[in-house]
Every structure is written in structure tokens, then in C-alpha cells.
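Comments concern the structure below.
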Amino acid sequence: MAQPNLEQLLEAGVHFGHQTRRWNPKMRRFIFAERNGIHIIDLQKTLRQLELAQKLAREVILRGDNVLFVCTKRQLVNIVKSEAERCGAMYVTE
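Residue numbers (my numbering): -13 to 80.
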């Protein structure tokens, strides 16, 4: 799987977080700044975490273990379902 770069993450709007009044304090270390009441996510930290997640998923699959895709965000359900089916994995979208 190809790793996105910073420019692609910016174009996709990945850096836009939640409204500052609806944030999770556990995410403090990933917040880069605040703009107009929205948290801005640190994309360099995001890239490092994506790389780690990709490595862990690869290890799980190479061991022959199962992966469960979980997605409850309406905008992403079709993508997650399609990708899970493509690789023969289980998924939950509700």
C-alpha cells in the first residue's frame, strides 16, 4: 500500500480536526494549532502513525490472523466496505 505524502493529506483535508469545544484531551499531542474554533492536526505525526499502523497491519496479516474493518462514518462506509471485500476481510459499517 502506498503511503500518502504531506501534500496529499493536506489536499484531502486530513488536517482539519474537531471543533475546539468538542475535542478529546487524549488527542492533545496530535494537535498542531487552533484556527477559527477548529483544531488543526499535526500531519507529520499523522504520517508517522499511519506508517506504524501499516506496519502492524502487515505483521497481523503475515501471521495469518484476521483483520476487522470498522467504520461508522457515513461518508466512508462504501470505501471501507469495498476495500474489506477486496482483501477478503470482515467489516462492520453500522
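C-beta atoms are modelled at their ideal positions from N, C-alpha and C, and glycine is treated no differently.
Check                                                                                                                   : Outcome
C-alpha distance - Phe55 paired with Leu36, whole-angstrom precision                                                    : 15 angstroms
Backbone CA spacing between Gln30 and Ala19 [nearest angstrom]                                                          : 13 angstroms
Cutoff 9 angstroms: His1 Cβ touching any chain C Cβ                                                                     : The chain inventory of the structure shown lacks chain C, comprising one protein chain alone.
Glu80, DSSP secondary structure in three states                                                                         : coil
Own chain partners of Ala158 with C-beta closer than 7 angstroms, once the 5 adjacent residues on each side are dropped : With the chain covering -13 to 80 only, the question about residue 158 has no answer from this structure.
Inter-residue spacing [alpha-carbon to alpha-carbon] between Gln(-11) and Asn22                                         : 30 angstroms
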